[in-house]
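This report refers to the structure that appears directly beneath it.
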Amino acid sequence: GNHNHAGDAAGIEATKAMEKVKEHAMNNRDTPQYIVSCASIEVSGAAAVKLPSVENMKRTIRNTRARKNVGHALLTSYLDLDIPEEFTKTSKGDLFLIYDSGPTNGRILIFATQKNLDI
Numbered sequence: 004g005n006h007n008h009a010g011d012a013a014g015i016e017a018t019k020a021m022e023k024v025k026e027h028a029m030n031n032r033d034t035p036q037y038i039v040s041c042a043s044i045e046v047s048g049a050a051a052v053k054l055p056s057v058e059n060m061k062r063t064i065r066n067t068r069a070r071k072n073v074g075h076a077l078l079t080s081y082l083d084l085d086i087p088e089e090f091t092k093t094s095k096g097d098l099f100l101i102y103d104s105g106p107t108n109g110r111i112l113i114f115a116t117q118k119n120l121d122i
């Protein structure tokens, strides 16, 4: 008989949204935050809960661009600056970005290692 998968419509919508995110990442240099925002606005509430976390979506964008050699986003403002987690630690895994006030006017970023602070 007829077999209906209407209950998975949100999952299908979320999968299509992620494909659109990857396409957006490859075809322009908008910031990952902007691309994630666009994707989140365009999906239904049911599909939004099936999307990966914001950090995972941003990682997908960075990985997609790295594979396709698109390059990093062009920033138009420091407010758009999204620092990937791999740039917040030293090559030994020690915390390097010790403070980020967040994307606001007067944003403050403090880079140091605990070893440097102890000197």
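In our numbering, the protein residues as written are 4 to 122. We put the beta carbon where it would ideally sit given N, CA and C, even for glycine. Owing to the predicted nature of the structure, the values given are computational and were not obtained by experimental measurement.
The beta carbon of Tyr102 lies closer than 8 Å to those of Ile111, Leu112 and Ile113 in the same chain, with the five residues before and after it left out.
For Asp33, there is no enclosing beta strand (DSSP E), as DSSP gives it neither H nor E.
In the DSSP annotation of this structure, Ile86 is not part of any beta strand (DSSP E), being labelled neither H nor E. The secondary-structure analysis by DSSP pairs Lys92 across a beta bridge with Leu98. Bounds of the beta strand (DSSP E) holding Leu112 are Leu112 to Phe114. Lys61 sits buried, since 16 or more C-beta atoms from the chains shown fall within 10 Å of its C-beta.
For the pair of segments examined, the segment 88 to 103 was found not to touch the segment 42 to 56: the number of CB pairs separated by less than 8 Å stays below three. Beyond the five residues adjoining it in sequence on each side, Gly14 comes within less than 7 Å, by CB distance, of Lys53 in the same chain, given in chain order. The Cβ atoms of Val57 and Ala20 do not sit closer than 7 Å to each other.
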